[in-house]
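**Student:** Protein chains in written order, with the numbering used here: chain A, 2 to 150; chain B, 55 to 465.
Here it is in structure tokens:
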């Protein structure tokens, strides 16, 4: 698979990982779907490498039924500065199924997806503070009790 | 309190109306769930209706979110097995299996044939368990009550087999990293054999009960259509996609745990409605029974745990005589074993579709990240498209045919 947005290709344990340029992720995904036949988006997730930089990795798990092949596309995101969230373009225009997966990553890691149709929390309550799957988020949350107003 | 809650969460009242205007007819917003019996758990769907036709369906999930993925990062590798049970209460052995396979991929250990075959057998029994509960409750939703009792009769036998193997009926944690939790119990062949010999005729019984029921066929045929393109685009997997004519089964396309040695067929249909999904699941039950029979007849002899002393707990007897065994036991129990740094994605065909675990290790004795790609999450995502322009009464049949488990969706 050769595309200018692919920075690096790695093979490990029989699995292929492509490292991609985050600013061209939509273009790359469209290329992989149409030319590479990766019709299915299996899932989107993220990994937090706090405190090292680049802190976040957004992982796209793609699958092609026709080729019977799976690949992983990764984008590394820097923390832009204190108090702001990293951002990447949404791939909902390529696969409609990306909608909920991106909402989950936003909910759990606080990674923003530009041009997402409805980027709100999906699993946690809408008024929740913090992003639970970040490594600097304590297991018990920020408060001891949530029962009082 | 309630006002504040509503402001914060944007809760809508159970019933709201938009009056008719020259450009649009009257619309009613109806809140279905989270306690509605036919949503099979705590799923809330906001429906916008024009008369009895659903114009917009908006699922709201997260009521059962327990933060399993976060908790996995706090436990040692072997302890996480108990959490994977709790993801999906009907397919716990499938979740055990996929997690164990993913970690074994990173560890690079070889599982002996007996354990692999035993895993296949348990995964297939778990598929039968799941499909039986699905068939019973789905028929109950549509109004055929007696099927429920027949299905739960057989399910009880399966749970007894699980209890015999692991000591637990539901949260079995039987498949562990490096093999199985316990040696298969004495007389298991007899118990499984007795069940599986009687099972195919039971499936015929369900089929006869439902197919000769005119209400059942009228309420399921031609209902709940969702095109194959939409399914692929929205991430639907499992029996849903096979009922739309695509013969794709991970057991065949990417065989794991020696599935390539078993002889079975992929059940599929082309009608793509609720009835076709029911037929696909019935055929899958027959195929699963075939696989269990083959596993029972051809079960290889040999060890049921891998030869990996740094991962698998040593035999109690060895601990009394061998110092190495005692050291390994102490290390595994106190610290847990370390998994080489790296990442792996492993997927299997669960009763509901593709379960995939994406696991990242940083070389310590705890997982760095465990992401669960659960089939229900992808399947529930398709509900807005599936329910659009259907009648409310049909939506119950369509919802049931998706076969989701909310614990699986929310994790």
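Every residue, glycine too, gets a C-beta built ideally from N, C-alpha and C.
Keep in mind it's a predicted model, so treat the numbers as computed, not measured.
Using the Cβ count rule (16 or more neighbours within 10 Å means buried), how would you classify residue 236 of chain B?
**Tutor:** So residue 236 of chain B counts as exposed.
**Student:** Using only the alpha-carbon positions, how far apart do residue 74 of chain B and residue 280 of chain B sit?
**Tutor:** The straight-line gap from Cα to Cα measures roughly 30 Å.
**Student:** Relative to the C-alpha of residue 61 of chain A, which residue among A:19, A:10, A:136 is closest?
**Tutor:** That would be A:19, whose Cα lies nearest to the Cα of residue 61 of chain A.
**Student:** Is residue 144 of chain B near residue 459 of chain B, with beta carbons less than 8 Å apart?
**Tutor:** In contact: residue 144 of chain B and residue 459 of chain B (Cβ atoms closer than 8 Å).
**Student:** Is it the case that the Cβ atoms of residue 187 of chain B and residue 452 of chain B are separated by a distance below 8 Å?
**Tutor:** Not a contact, by the Cβ cut-off of 8 Å.
**Student:** Roughly how far, in whole angstroms, is the beta-carbon of residue 123 of chain B from the beta-carbon of residue 420 of chain B, given that I think they are within contact range, below 8 Å?
**Tutor:** That belief does not hold up - the Cβ atoms of residue 123 of chain B and residue 420 of chain B are roughly 13 Å apart, past 8 Å.
**Student:** Mind listing the chain B neighbours of residue 42 of chain A? Cutoff is C-beta to C-beta under 8 Å, in chain order.
**Tutor:** In chain order: 289.
**Student:** Would you decide whether residue 219 of chain B is buried or exposed? Buried here means 16 or more other CB atoms lie within 10 Å of its CB.
**Tutor:** It counts as buried.
**Student:** Would you please verify whether the beta carbon of residue 131 of chain A is less than 8 Å from any beta carbon of chain B?
**Tutor:** Closer than 8 Å: no.
**Student:** Under 7 Å Cβ to Cβ from residue 255 of chain B, same chain only, skipping five residues before and after it: list those, please.
**Tutor:** If we look at residue 255 of chain B and ignore the five residues flanking it on each side, it has no Cβ neighbours.
**Student:** Is there a C-beta anywhere in chain A that falls below 8 Å from the one on residue 216 of chain B?
**Tutor:** Closer than 8 Å: no.
**Student:** Give the DSSP bridge partners of residue 13 of chain A, in chain order.
**Tutor:** The partner list for residue 13 of chain A (beta bridge, DSSP) reads A:16.
**Student:** Can you list the alpha helix (DSSP H) stretches of 4 or more residues lying completely in the region 88 to 137 of chain B, in chain order?
**Tutor:** List check, alpha helix (DSSP H) in window: 122 to 126.
**Student:** What's the C-alpha gap between residue 117 of chain A and residue 80 of chain A?
**Tutor:** The straight-line gap from Cα to Cα measures roughly 20 Å.
**Student:** Please determine if the region 160 to 174 of chain B and the region 346 to 355 of chain B are in contact, where contact requires at least 3 C-beta pairs separated by less than 8 Å.
**Tutor:** In short, these stretches touch, since the Cβ pair count reaches three.
**Student:** For the alpha helix (DSSP H) that contains residue 431 of chain B, what are its first and last residues?
**Tutor:** Note, residue 431 of chain B: alpha helix (DSSP H), 429 to 435.
**Student:** Rounding to the nearest angstrom, what Cα-Cα distance links residue 324 of chain B and residue 142 of chain A in this structure?
**Tutor:** Approximately 48 Å between the Cα atoms of the pair.
**Student:** Below 8 Å on the Cβ atoms is my guess for residue 412 of chain B versus residue 46 of chain A; work out the distance and round it to an integer in Å.
**Tutor:** With 8 Å as the limit, residue 412 of chain B and residue 46 of chain A qualify as a contact, their Cβ atoms being about 6 Å apart.
**Student:** Could you run through the region 103 to 114 of chain A and flag, in chain order, every residue whose CB is less than 7 Å away from some CB of chain B?
**Tutor:** Flagged: no residues at all.
**Student:** Would you say residue 293 of chain B and residue 335 of chain B are within 8 Å of each other, going by their C-beta atoms?
**Tutor:** The answer is yes: Cβ separation under 8 Å.
**Student:** Under 8 Å, Cβ to Cβ, is there at least one residue of chain A near residue 412 of chain B?
**Tutor:** It does; some Cβ of chain A falls within 8 Å.
**Student:** Alpha carbons only, please: which of B:439, B:406, B:442, B:416 is nearest the one belonging to residue 427 of chain B?
**Tutor:** Answer by Cα proximity: B:406.
**Student:** Within 10 Å of its beta-carbon, does residue 447 of chain B have 16 or more other beta-carbons around it, so buried, or fewer, so exposed?
**Tutor:** When all chains shown are included, residue 447 of chain B counts as exposed.
**Student:** To which residues does DSSP link residue 426 of chain B through a beta bridge?
**Tutor:** B:411, per the DSSP bridge assignment.
**Student:** Who pairs with residue 230 of chain B in a beta bridge, going by DSSP?
**Tutor:** According to DSSP, which records beta bridges pairwise, residue 230 of chain B is partnered with B:233.
**Student:** Starting from residue 80 of chain A, find everything on chain B with Cβ-Cβ shorter than 8 Å and list it in chain order.
**Tutor:** Residues of chain B passing the Cβ test: none, with the nearest at roughly 18 Å.
**Student:** Can you tell me the Cα-Cα spacing of residue 473 of chain B and residue 105 of chain B, whole angstroms?
**Tutor:** Lying before the first or after the last residue shown, residue 473 of chain B is absent from chain B, which here runs from 55 to 465.
**Student:** Counting contacts by CB-CB distance shorter than 8 Å, is residue 66 of chain A in contact with chain B?
**Tutor:** Taking Cβ atoms only, chain B reaches closer than 8 Å to residue 66 of chain A, which makes this a yes.
**Student:** Using beta-carbon positions only, say whether residue 398 of chain B and residue 16 of chain A come within less than 8 Å of one another.
**Tutor:** The answer is yes: Cβ separation under 8 Å.
**Student:** Enumerate, from N- to C-terminal direction, the unbroken alpha helix (DSSP H) stretches of 4 or more residues contained entirely within the region 200 to 270 of chain B.
**Tutor:** The qualifying runs are 200 to 220, 242 to 265.
**Student:** Between which two residues does the beta strand (DSSP E) harbouring residue 162 of chain B extend?
**Tutor:** Careful: residue 162 of chain B lies outside any beta strand (DSSP E) and carries neither H nor E.
**Student:** Listing by chain order, which chain B residues have their CB less than 7 Å from the CB of residue 46 of chain A?
**Tutor:** Residues of chain B passing the Cβ test: 412, 425.
**Student:** Which value, in whole angstroms, describes the spacing of the CA atoms of residue 89 of chain B and residue 461 of chain B?
**Tutor:** Going by the C-alpha atoms only, they are around 15 Å apart.
**Student:** Look at residue 151 of chain B and residue 41 of chain A and say whether their C-beta atoms are less than 8 Å apart.
**Tutor:** Going by C-beta atoms, residue 151 of chain B is not nearer than 8 Å to residue 41 of chain A.
**Student:** Tell me the residue span of the beta strand (DSSP E) that contains residue 75 of chain A.
**Tutor:** It spans 70 to 78 - the beta strand (DSSP E) in which residue 75 of chain A sits, taken as one unbroken run.
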